[in-house]
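Using this note's numbering, the letters of the sequence shown correspond one by one to residues 626 to 1211.
Quick reminder that beta carbons are idealized off the backbone N, C-alpha and C, glycines included.
Inspection log for the structure reproduced underneath, given as structure tokens.
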Amino acid sequence: MFHTILEHRLQNAVATVLPGAETTSVLVRPAADPKFGDYQTNALMALARDRKINPRQLAADVVARLDVADLCHPVEIAGPGFLNFRILPAALSRVLGEALRGNHLFFEPSPHPRTVVVDFSSPNVAKPMHVGHIRSTILGDCLARVLRLLGHRVITDNHIGDWGTQFGLLLVGWKSLLDREALERDAIAELERLYRAVNARADQDPSVREEARAELVRLQSGDAANLAIWAEMIRLSKVHFEGVYTRLGVTFDHTLGESFYNPWLRPVVDALVDGGIARESEGAIAIFSDRSGPPKEDPFLIQRDGEWTDNPALVLKSDGGFNYTTTDLATLDYRIRTWAPSEIVYVTDGRQQLHFQQVFAAFRRWKPRDAASVRLAHVWFGSILGDDGKPFKTRSGETVKLGALLDEAEERALAVVREKRPDLAEAAQREIARVVGLGSVKYQDLLPNRQSDYVFSWDKMLALQGNTAPYLQYQYTRAAKVVRDGDFEPASGMGISPVEPAELALARHLVNFGNVLVSVTEEYRPNYLCNYLYELAGYFSGFYEACPVLKSEGAVRSSRLGLCELTARVLGQGLSCLGIEVTAQM
Ligand code: ARG
């Protein structure tokens, strides 16, 4: 909240002192150490360096033009030219009061709303969703939620894999081995069984693989019978996906799978060839480096034995099939034409880094003007590991299915709730277990830096102490309960005036909520929000221990109740950004 106002005024002051200076890089950040005040900027030093002027002199000139007396104590020039800002208690009270009256929750809609496409989850059809899909689904959903909250126009698109080579084998299986009853009972399991059975046969008997290839070609050239079977497999898969998404509270504006782009694949390849971006190579067509930039940054080159050699991306295989790259180029082109986004975010695992580097680079060469109008971001993540440090598997070595994983989370949470709250009715226990169980799985996934691998641990994620969902959910119920017990009326007109150190620490942290939301969207890192909420819960606990709320009186009591109310709101809103629900009691 404060940092944007300070930033704005500081930029104006800089513009008066240094007419024509680029002020967008003049940023104010919460101070790393309270010793230096509440907010800080180091931007003047860079400006002074560029102009070869004395940084402390520049700082003094800027401070002379900076009018922030309504917000801060006199601005302090520190070290080689930092500015330190210390918020006045009255200004803090004012902002807390506005929030309490519902004017804002320490953030404002972005003054520059962007159109952002978020491509996430995107599982492949005819296979069960497994634990590997959870990261894309949860991360992508969280980014979409935060962007929306900040007033951006968000378009979520589930780019399901519905046109792969797996359909050749599946068609053979469907035609020769289908068990209708099993399909009725559990469609995805039956499709999986068909795929495995035919794949095993094909390993033994090359003619089965041939047959699968022929079925695929028939499908791709529009054979009505094959298309009908294919459409049925997609329908069944979507029902399965939808079940998981409903449970997770995840929604999509569009589910335009790979097959949607079929009509544009040929034209894309032709355009790439005409533009000299792709060329024939060993019967296929591929994109090669144009050698225009440093080899280190060129995704179409790779270093082998100290030499830079070609690392092309296929767009048309020698058998006439198109590739993942072709589809993604057509998809990118479609999205820009259709939605004119200023940003497209792809959430997938880290193994697809080269793929997206190639797609983005090829697109820049193909459509430089479109490419210049959009920020393309591959938001990638690491793996989920088991205790043994290897990819997380079931005891028998199978991939863990998402549905079963969520069931287990709820069951384990239910065991804890039954033990801690035997007084509650079964339905209430189950509801808490659902919210805590799903919340735990999500939070464990969002908390680590997304690029690192993490070890899946039931005990850790469900712990009531530590940086976990249950801990944050519990702190929420505590804050909300105090507000209820105190019969607090946020609209009563009573203000919040933090005085005690624990009150001030909590208040200063609350007002930075918006700042954290923005940084989540700038770097696509939900872990910033997790850590902010964890710290908030810590400040709240400290405050609650040091400052009696219900036992105090008059203005002090209502001020403290106000802090509890705002804590509950920020915790609730923050968790909701993470896709995590809360309950009234735990
Ligand atoms: N279906 C792909 C997979 O399971 C992810 C698709 C990601 N999105 C995209 N536009 N390539 O790995």
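Relative to the Cα of G1111, the nearest Cα in the group V1174, L796, T876, L873 belongs to V1174. Distance from the C-beta of N749 to the nearest heavy atom of the ligand ARG is below 7 Å. In the three-state reduction of the DSSP assignment, A1002 falls in the strand class, which pools E and B.
R676 and L643 have their alpha carbons spaced roughly 10 Å apart. The DSSP-derived three-state label of W788 is coil. In the three-state reduction of the DSSP assignment, Y971 falls in the strand class.
The DSSP assignment places 757–774, 791–802 as complete runs of the alpha helix (DSSP H) inside the stretch 738–808, in order along the chain (cut-off: 4 residues). 8 Å or more divides the Cβ of A1104 from the Cβ of A987.
DSSP places F731 outside both helix and strand once states are collapsed to three, so it counts as coil. Nearest Cα to N824 within the set N851, R805, F792: F792.
Per DSSP, the unbroken alpha helix (DSSP H) holding L979 starts and ends at 978–991.
Judged by the Cβ position, T790 fails to qualify as a neighbour of the ligand ARG at the 7 Å threshold, every heavy atom of the ligand being at least this far. In the three-state DSSP reduction, T1146 falls in the helix class (H, G or I). Counting along the chain, V823 sits inside the alpha helix (DSSP H) bounded by residues 812–829. Judged by DSSP in its simplified three-state form, A1209 adopts coil rather than helix or strand. Distance from the C-beta of D744 to the nearest heavy atom of the ligand ARG is below 7 Å. According to the DSSP assignment, Y664 belongs to no alpha helix (DSSP H) but to the beta strand (DSSP E) extending over 664–666. In the structure shown, S906 falls within a strand segment according to DSSP collapsed to helix, strand and coil.
Relative to the ligand ARG, the beta carbon of T973 is positioned inside 7 Å of a heavy atom.
In summary, S747 is buried, with 16 or more beta-carbon neighbours lying within 10 Å of its beta-carbon over all protein chains present. Within the same chain, Cβ atoms closer than 6 Å to the Cβ of E968 are found at R739, V741, R1000, the five residues on either side in sequence being excluded. In this structure, V750 keeps its C-beta atom at 8 Å or more from the C-beta atom of I912. Its chain contains L775, G776 as the residues whose beta carbon lies nearer than 8 Å to that of P734, once the 5 sequence neighbours on both sides are disregarded; these appear in chain order. The Cβ neighbour count for A850, taken over all protein chains shown within 10 Å, is under 16; the residue is labelled exposed. G786 has its Cβ nearer than 7 Å to a heavy atom of the ligand ARG. Around the CB of V700, 16 or more other CB atoms lie within 10 Å, so the residue is classed as buried. Boundaries cannot be given for Q1090, as no beta strand (DSSP E) includes it and DSSP labels it neither H nor E.
Collapsing the DSSP output to three states places T1024 in a strand.
Separation of the CB atoms of W799 and I854 is rounded to 5 Å, and the pair is thereby assigned contact status at 8 Å. Boundaries of the alpha helix (DSSP H) around D1070: 1051–1071.
The straight-line gap separating the alpha-carbon atoms of H1003 and V972 is approximately 6 Å. Taken from the Cβ of D953, at least one heavy atom of the ligand ARG lies inside 7 Å. Unbroken alpha helix (DSSP H) runs of no fewer than 4 residues, entirely contained in the stretch 880–930, are found at 887–899, following chain order.
Only buried fits S862, as 16 or more other CB atoms lie within 10 angstroms of its CB. Just measuring C-alpha positions, the residue of A715, L730, R719 sitting nearest Q1198 is L730.
Shortest gap from the CB of T956 to any heavy atom of the ligand ARG: under 7 Å.
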